[in-house]
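Report on the structure given below.
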Amino acid sequence: VLSEIYDPASGFLCLASAVVEMEETMHDLRLVLKNASNGYRLSAVNRASIIRFLKELLVNNLNERLELVQVTYIGDEDADGPSLPFRVTVKGPADESNIA
């Protein structure tokens, strides 16, 4: 962010940049597969495909001041069934990254 500042000592109009504190925040979410039986298990290939899709969806829809750092599967492959827990990490200005 640039601001114009008048310096009376020199008589010049200067451009100054404000320092914006960037912060990483983590957000847990759970993707639930509707109409899947309780015993249904996703293969590692299908899970990786969902992660890629989720990353692309987030990158295309996040506020332009936020940066996607990572999407991590945080579940138990043998116990999750038709729901998949993820942790999404974003980086952005401290006043915005908590509302991602």
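Once you know that position 67 of the sequence shown is 74 in my numbering, the rest is easy, because the numbers rise by one and skip nothing.
Beta carbons are placed, not taken as given, at the ideal position from N, Cα and C, and that holds for glycine.
Given the structure is predicted, the values throughout are model-derived calculations rather than measurements.
To the nearest whole angstrom, what separates the beta carbons of residue i and residue j, a pair I think is in contact under 8 angstroms?
| i | j | result |
| --- | --- | --- |
| M33 | R94 | 5 angstroms |
| L91 | R54 | 7 angstroms |
| L73 | V97 | 5 angstroms |
On the criterion of 16 or more Cβ atoms from any shown chain inside 10 Å, does residue i qualify as buried, or is it exposed?
| i | result |
| --- | --- |
| Y80 | buried |
| G99 | buried |
| L75 | buried |
| V39 | exposed |
| L36 | exposed |
| L64 | exposed |
| V52 | exposed |
Apart from the five residues on each side of it in sequence, which residues of its chain come closer than 6 angstroms, Cβ to Cβ, to residue i?
| i | result |
| --- | --- |
| A43 | P89 |
Identify every residue that forms a DSSP beta bridge with residue i.
| i | result |
| --- | --- |
| S44 | BP columns for S44 are empty, so no partner. |
| S2 | In the structure as shown, the chain starts at 8 and stops at 107, and residue 2 therefore has no counterpart that could be examined. |
| P100 | M29 |
| D83 | None, per the DSSP bridge assignment. |
Keeping to the same chain, check which residues put their C-beta closer than 8 angstroms to that of residue i; ignore five residues upstream and five downstream.
| i | result |
| --- | --- |
| I58 | V78, Y80, F93 |
Residues in its own chain within less than 7 angstroms of residue i by CB, not counting five upstream and five downstream?
| i | result |
| --- | --- |
| G82 | L91, P92 |
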